[in-house]
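2 protein chains.
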Amino acid sequence: MATIYEVSERAGVSLATVSRVINGTAKVSEKTRQRVMAAMKALNYRPNSAAQSLASNCYNSVGMLVSEVHGPFFGEMMSGVETVLRAAHKHVIIAAGHSDEQSEKEAIEFLRGRSCDALILHADAVSDQYLIDLAKEDDAFVVMNRHIDAIADQCISLDNRHGGYLATKALLEQGHRKIAYIAGPLKKTDAKERLQGHKKALREFDVAFDAALMREGDFESASGAQAMSELLKAGKKFTAVVCGNDEMACGAMNTARDAGLQLPEDLSIIGFDNVIMSRYTFPHLSTIDYPIGEMGRMAAKWVLKNIYQQDDIDIIHHFEPSLILRDSVKAK
Amino acid sequence: MATIYEVSERAGVSLATVSRVINGTAKVSEKTRQRVMAAMKALNYRPNSAAQSLASNCYNSVGMLVSEVHGPFFGEMMSGVETVLRAAHKHVIIAAGHSDEQSEKEAIEFLRGRSCDALILHADAVSDQYLIDLAKEDDAFVVMNRHIDAIADQCISLDNRHGGYLATKALLEQGHRKIAYIAGPLKKTDAKERLQGHKKALREFDVAFDAALMREGDFESASGAQAMSELLKAGKKFTAVVCGNDEMACGAMNTARDAGLQLPEDLSIIGFDNVIMSRYTFPHLSTIDYPIGEMGRMAAKWVLKNIYQQDDIDIIHHFEPSLILRDSVKAK
DNA sequence: TTGTATGCGTTATCAA
DNA sequence: TTGATAACGCATACAA
């Protein structure tokens, strides 16, 4: 592999000049610029990124932690991040935390070890304090789907509580009173907040929360199916069910139908996230829109602005959920 | 940030010795090893990865090209790759090619520019020749979902043609004769091969391929919905439809039902890929299993074996599709 | 506008 | 088992 030194020799200039044309850091006469370009092309020269990083202390790469690499939610988020960052010629390194505290910490250390210039973290198992402490050591990171007061500038979040509220309220407004709830894993902040919103809506309509009508899943389809199966078996009547996310809602719908229920006649259902699939279920799933793709793009912009000094960027830290009413909810 | 030099000073040894305990490349007495470890801990030392890479010419990172970062198929693939590679302490850098030739080439160059040690490529727009030429320059890459004879050792593929054959055969065996086909984008090899398999099955059952019953989509749900809509509007009768992948099948089912058809009574449908969602559609989608997660893990192992010299690994280059019969197919 | 010289933090080759 | 010392390939302050 050709080095910058060989290029300089062939072009008959110093290696500093070659570096200048590569980086455009200083004026170079058009004539020598051409000569250098020609030499680079002739030698099929590519800068050695390790040497660049070492000399400049800039890695041009950003680490991204997600709970899981698969799944529609994280797919949209990663896609948003990748799009913005690659347009800016920054590399995106991915790691999964699997919603386990130890695993998340390891993943974060793994990413930091690679000397990423910045981190985009969708961490749902580590404590607020851990992230606050991390920020004291090195604050080159942005947190997704989570608001932490002490590092509010580094957070891009959505009001999950309000989303949960909207979902249940939609059901209540359609006359439902016996409403089951299939929660996400309650060790996760967002799942907890969505449940809080659910309870708030119930209170507003003077409906008592019934723990017997609640089950906890893990945000994946299978757990939604399992939860619905349990709910049905328990025999306690309910006319609607709120799910912690769309994937569990799909699983739940599936089980309900296999059990012979007509949807939405016998049971109304609402999800959360508005993942692409929710448009194609039967019946079409009502849900809460979570603009995760846009938030991923925003996180990438945060990095561009705060780490790579692209000042002409406005950052939105807070996004709002909104109700998407489709066919899976029917008036009681 | 502390350097190896500061560590060596504090531990009272040379920097070479520190490097040895970091990498375990040579014998170091237990006593000095302890001293060095203590010094590293005290200084909160982390090796500078750029310096390591520069000196060792090893980056510990692997580039991964996918068509899109979102989507269930690529999610499973990326997840498989990430799992294996991170366990081996290798970083994975993602890039999307968007199934566009120019864009894919750019993405590959982008990844190469980062001096990844190896590349895992799901490229569906560049030509075979491009990849063959690339291999001549630098063969540290493995190709997914594509078999190219000239670089067969670098390919991990699935017999898409056979998969397409199995799908249509399943329908034919159930007595269907008027079978529509919603293809993936035919510029992609896999979409083309699946269609070939479809035609082969038709021939075997002496059924003529009817171009009027075919539409081309782009592998995303919306295009399946659109294609079904066109097919229905065209008015030509068909009792079953084969879809190029599960996502388009979901879109197609959706449209068919919205048009008043009973599934699977009025129309049988089969997809391809066996993505998670296919288990949760209504009716449950029959499909062709594509073990993409396993293939992603295998690609990662290929890299471990061929690039990082982990010799005790067996590589499987060829995977077989298999029929998954669920409820969306009914005998005619 | 261009060149010189130094440093970036490691690994690896020799000696000792 | 340990220590000097020379790469590794580039960016950049300083000179010219």
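These protein sequence lines are chains B and Y, in that order. Note that our numbering gives residue 244 to position 244 of the first sequence, counting from 1, and the numbers run on in steps of one. Every number in our numbering is 1000 more than the matching position in the second sequence, counting from 1. Positions of the beta carbon are idealized from the N, C-alpha and C atoms, including for glycine.
What does DSSP give as the partner residues of Y:Ala1180 in its beta bridges?
Y:Val1241
Determine which residues of the stretch 1226-1248 of chain Y have a Cβ less than 8 Å from any Cβ of chain B, and write them out in chain order.
none
Can you name the residues of chain B whose CB is closer than 9 Å to the CB of Y:Gly1251?
Arg279, Tyr280
Look up Y:Met1144 in the DSSP assignment and say whether it is helix, strand or coil.
Collapsing the DSSP output to three states places Y:Met1144 in a strand.
Taking the C-alpha atoms as reference points, what is the distance between Y:Arg1161 and Y:Leu1202?
Going from the Cα of Y:Arg1161 to the Cα of Y:Leu1202 covers about 13 Å.
Which chain B residues are close to Y:Val1092, counting only those with a beta carbon under 7 Å from its beta carbon?
Ile93, Ile94
Closer than 8 Å, CB to CB, is Y:Ser1019 near chain B or not?
no
For the stretch 1009-1039 of chain Y, enumerate the residues whose C-beta is nearer than 8 Å to any C-beta of chain B, in chain order.
none
Would you mind reading off the limits of the alpha helix (DSSP H) that contains Y:Asp1246?
1246-1258
From B:Ser157 to B:Ser99, what does the alpha carbon distance come to, in whole angstroms?
18 Å
Can a CB atom of chain B be found closer than 8 Å to the CB of Y:Ile1276?
yes
Roughly how many whole angstroms lie between the Cα atoms of B:Val69 and B:Arg114?
19 Å
Using the DSSP secondary-structure output, state which residues sit across from Y:Ile1270 in a beta bridge.
Y:Val1242, Y:Ser1286
Let me know if Y:Ala1025 comes out buried or exposed under the rule of 16 or more other beta-carbons within 10 Å of its beta-carbon.
For clarity, residue 1025 of chain Y is Thr in the given sequence; the question names Ala instead. Exposed, since its Cβ has fewer than 16 Cβ neighbours within 10 Å.
Taking CB distances under 8 Å as the criterion, tell me whether Y:Glu1294 reaches chain B.
no
State yes or no: is the C-beta of B:Gly286 within less than 8 Å of the C-beta of B:Gly251?
Inspection of the sequence shows that residue 286 of chain B is occupied by Ser rather than by Gly. Result no, Cβ atoms of B:Ser286 and B:Gly251 do not sit closer than 8 Å.
By the criterion of Cβ-Cβ separation under 7 Å, what are the contact partners of B:Gly113 in chain Y?
Arg1046, Ser1049
Quick one: does Y:Glu1320 have its CB under 8 Å from some CB of chain B?
Judged by the 8 Å Cβ criterion, Y:Glu1320 is not in contact with chain B.
Nearest-angstrom Cα distance between B:Lys192 and Y:Thr1255?
36 Å
Hey, is Y:Phe1110's beta-carbon within less than 8 Å of any beta-carbon in chain B?
yes
Quick check: the Cα distance between Y:Val1018 and Y:Ala1051, rounded to an integer number of angstroms?
15 Å
Rank Y:Ala1249, Y:Ala1240, Y:Gly1293, Y:Phe1073 by C-alpha distance to the C-alpha of Y:Ala1225 and give the top, closest one.
Y:Ala1249
For Y:Ser1268, does the count of other Cβ atoms within 10 angstroms reach 16, so buried, or fall short, so exposed?
Y:Ser1268 is buried by the Cβ-count criterion.
Among Y:Ile1276, Y:Cys1058, Y:Val1007, Y:Gly1063, which has the Cα closest to the Cα of Y:Val1036?
Y:Val1007
Looking at C-beta atoms only, is the number of pairs between the stretch 1122-1133 of chain Y and the stretch 1265-1283 of chain Y that lie closer than 8 Å three or more?
no
In three-state DSSP terms, what is Y:Gly1063?
strand
Considering only residues of the same chain and omitting the five flanking positions on each side of B:Gly12, which have a CB-CB separation below 8 Å?
Arg35
For Y:Leu1304 versus Y:Ile1292, is the C-beta spacing smaller than 8 Å?
no
Which of the residues in the stretch 1057-1072 of chain Y, read from start to end, lie with their CB under 9 Å from any CB of chain B?
Asn1057, Tyr1059, Asn1060, Ser1061, Gly1063, Met1064, Glu1068, Val1069, His1070, Gly1071, Pro1072
Run through DSSP, which three-state label would Y:Asp1046 get?
Checking the sequence, you will find Arg at residue 1046 of chain Y rather than Asp. Three-state result, Y:Arg1046: coil.
Are the Cβ atoms of Y:Ile1288 and Y:Gly1163 separated by less than 8 Å?
Yes. Within cutoff.
Whose Cβ in chain B lies nearer than 7 Å to the Cβ of Y:Ser1328?
Residues of chain B with a Cβ closer than 7 Å to the Cβ of Y:Ser1328 do not exist; the shortest Cβ-Cβ separation is about 12 Å.
Would you be able to state if there are at least three C-beta pairs under 8 Å between the stretch 1099-1113 of chain Y and the stretch 1081-1088 of chain Y?
Between the stretch 1081-1088 of chain Y and the stretch 1099-1113 of chain Y, the count of Cβ pairs shorter than 8 Å is below three; the stretches do not touch.
Taking Y:Ala1216 as part of the beta strand (DSSP E), name the residues at either end of that continuous run.
Ala is not the amino acid found at residue 1216 of chain Y; the sequence shown has Glu there. Under the DSSP assignment, Y:Glu1216 falls in the beta strand (DSSP E) whose first and last residues are 1214-1216.
Quick one: does Y:Met1078 have its CB under 8 Å from some CB of chain B?
yes
Nearest-angstrom Cα distance between B:Ala150 and B:Leu131?
Inter-residue distance for B:Ala150 and B:Leu131 is about 10 Å (C-alpha atoms, whole angstroms).
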